[in-house]
Structure formats: C-alpha cells, structure tokens
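Numbering (the working numbering), first residue to last: 846 to 1246. These notes concern the structure reproduced below.
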C-alpha cells in the first residue's frame, strides 16, 4: 500500500484527481498498518533539505521509534519566555467565542491590512482547539474555542477560513508548529526544521514537493524563521535559538495535509519541518473555495488553480481570545506583515538606531524591517521576539496607536 505515497508519478491529466482522492483515502484509512519505516520515509521526505540530501541508512531512528521512556521530552515554554506569548503573558486563558467582529479586531490590533479583492482569509491560531474537541466545524457565525499551548506532538492549533461577505467562519484542527521528530533531527544536524513566526503571510496555490501534495498553499514571502539548535523547544530566552533569514530565500513553510489520519492512535500525528498542517484537508480546501480533489495536470503536480492568492494570518489562540472578550483589549503590536503609519515610524526609528537598517519597503513590515528590529532587540538585551509592543515603541520614541 505505502509505496503509492512515493510512486505517484503516474498521476496525470484527467485521471489525476480521481487517483489522488483515492490515494489520500487509502493512506488515511490504513494509518495504523504503516510500519515504522514507512512513517520514517514520510518524515524524511518532509524534512529533507533539497541542497543537503540525507540517506535513510545514515539518519538513525526518529523520536517516535525510541521506547517511550527513552524519548527526550519536547517542551513549550512558559508565556513570559515565549516568542508568541510574551506580550500577552499577564492575561489568563479563558474559553472564548470567535466571530466576524473578533477576527476584524484581531487583524486591526496587529496592523494587518486585508486584501479586499480576496473573498476569504485563512487565520491560523497557534495553541487553540474547538471546545467540543472535534476535527472541524460546520460553517458558523461564531465558534467556541479553548486556548491551549502546542507541544510538538499533538495537533493543538486551529485554522479558521474566514468568509468576509457572509460574515461566517469554519474551523479546522491542525498544527502550526514543527513535529518533534524533525526538531530532533535538526538538533542532530541531519534534517531541516524551523518554526514560522506569527504575522501576515502571502500564499499561492501550488504543489508541495511535486506530486506528493498537489494543490497545497505555497508560502511566498521571504522572512526570518526560528531554529532551535540544541533543544526540543523554542524559547525567546534561549541563547542557542537562532533567527534565520535564509539570505532572502523562502523557507517553504507551506500549508498542507498532515499526512496522517485524524484517527491515528500513536505519534507522529503530523509531518512538519515548519509547514502548517491541516487534518481534514479535503474539507479545508473546499472551504477555501478550491476544488477537491484537485485536477492534476502533469508530473510536476500542477493544477488549474495554481497561482490563486491567499492571505494567511498566524497568531495565537490567546491573541484571538483577547480580541474576542468584551471589556478586554488585545494589546496592540506590529510584526511581520503589518503595515501603516506605525510601521513607518518604526522604520524611521530603526534608521536612526545604528542597526544597519536601509528602508526598502516604506510602511511594510518586511524581512528587512524584521531583521533590523531583531538586531535592535538584541542590542537592548531583551528577548528577540520580532514583535513590536507598545513598550518597545515607547523606547524608540513613537506610539503604536
């Protein structure tokens, strides 16, 4: 059965969509029959750097292949030392209801500009779950959610497809963080792995690793990503953590299927070296307004919908909670993908701060702006989160709002 995952070069025009749909159902239905080596091949393919090929024979065991009592434990840091949560560390978690107005507040408080020509936006909430524990919801006017923290093993994030005109949303379980197996292989210097920072990111439909996943959402914007060189955690206080801009190259943190069934009983539950992964993939694509299964046109995995543009907002469940709770105001921030007057003021402050900043895109928080701000944070000996808070802005001589 499993050889089909890696020998689908016969998926061609016309029959492609039928074959792909059947293959995905077969893989999902037979997850518990996969051998450890078959699962390892999925992880290897996901974590392989195209410029640094690694043979399976030299890779050694993955995390999931070690006895449970001998596996090193992945860890999500406490909020006060988390890249994503430090600015909201003083607030308590509470269940919340997310709706159209809450989503509007969420993007407004982060300085994100919605592209009005795009009918739907994807919002990833790192550390969040549907309150009823389901894999995905129906289309809703409001969704009941619970803030969590990721752990790099289970799927503890959600993806919201937000339909602006209808004022409705649909929510899917998934993961916005890398899998522990690939984190460990990065620690060992054998495979690639990163964690994508929060922000507003541009995506277009296209193949993820060719025929392995046609019709995925391909990441488009050069940016800085987080790498943990020695530990199975991402802590803003860890001196061994590394911000990497890949010299302007893309990290290819695409949005795609988990590659594992939602019914799987043991880890791994998703395959990600930095990608954003969704469990109910067929339903997710359809909710985004795409045809599923996609019609595969050629051996490169091209589909008729390739090139369609999407905006992807990545924040936390706690951010969404605060944006949705009456009487509580989400602290304003700017970060990657923000735009407007506050970003222009930040850029002026960075240009005067002797951090080697040369403004390339006025009013846009791009890779260059992010790199200069990270350098400013390090110079101030504060945690380099990449997120500009009101306190940071005040130190630099301007106001966020």
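We treat Cβ as the ideally placed atom computed from N, Cα and C, and that holds for glycine. Bear in mind the structure is a predicted one, so any value in this text is a computation, not a measurement.
Where residue i falls, given that 16 or more other Cβ within 10 Å makes a residue buried
i, result
"residue 848", "Low confidence applies to residue 848: its pLDDT is 39, below 50, so where it sits in the model is not reliable enough to give any reading."
"residue 1179", "buried"
"residue 983", "exposed"
"residue 1018", "buried"
"residue 1239", "exposed"
"residue 1226", "exposed"
"residue 1116", "buried"
"residue 1099", "buried"
"residue 1085", "exposed"
"residue 994", "buried"
"residue 1251", "It is not possible to answer for residue 1251, since the shown part of the chain is limited to 846 through 1246."
"residue 960", "exposed"
"residue 1237", "buried"
"residue 1138", "buried"
"residue 1087", "exposed"
Nearest residue (CA-CA) to residue i, options the options
i, options, result
"residue 909", "1084, 1112 and 887", "1112"
"residue 1004", "1181, 1011, 1157 and 1152", "1157"
"residue 907", "1154, 1209 and 1028", "1028"
"residue 1192", "1204, 1181 and 962", "1204"
"residue 1001", "924, 1021 and 1007", "1021"
"residue 1246", "977, 1232, 1177 and 1231", "1177"
Beta-ladder partner(s) of residue i, from DSSP
i, result
"residue 1157", "967 and 1046"
"residue 987", "944"
"residue 1001", "DSSP lists no partner for residue 1001."
"residue 1071", "1040 and 1088"
"residue 894", "897"
"residue 1006", "967 and 1015"
"residue 1105", "Bridge partners of residue 1105: none, in fact."
"residue 1097", "DSSP, once it has assigned bridges, lists no residue as partnering residue 1097."
"residue 981", "1017"
"residue 956", "Looking at the DSSP assignment, residue 956 forms no beta bridge with any residue, so it has no partner."
"residue 1051", "1061"
Residue i - containing beta strand (DSSP E), residue span
i, result
"residue 993", "Where residue 993 is concerned, there is no enclosing beta strand (DSSP E), given that its DSSP letter is neither H nor E."
"residue 1064", "1058–1064"
"residue 975", "973–975"
"residue 1018", "1013–1020"
Residue range of the alpha helix (DSSP H) that includes residue i
i, result
"residue 1164", "1162–1169"
"residue 1235", "1235–1241"
"residue 1100", "It is not in any alpha helix (DSSP H) - residue 1100 instead sits in the beta strand (DSSP E) that spans 1100–1102."
"residue 1027", "1025–1032"
Distance cut-off 7 Å: residue i Cβ against heavy atoms of the ligand NAD
i, result
"residue 1137", "Summarising the ligand content, the structure contains no ligands, and the ligand NAD is consequently not present."
What ranges does the alpha helix (DSSP H) occupy inside the segment 1175–1235, keeping only unbroken runs of at least 4 residues that lie completely in it?
Qualifying alpha helix (DSSP H) stretches, in chain order: 1186–1196 and 1212–1224.
Quick one: which unbroken beta strand (DSSP E) runs of 3-plus residues sit fully inside the segment 1108–1138? Chain order, please.
1121–1123
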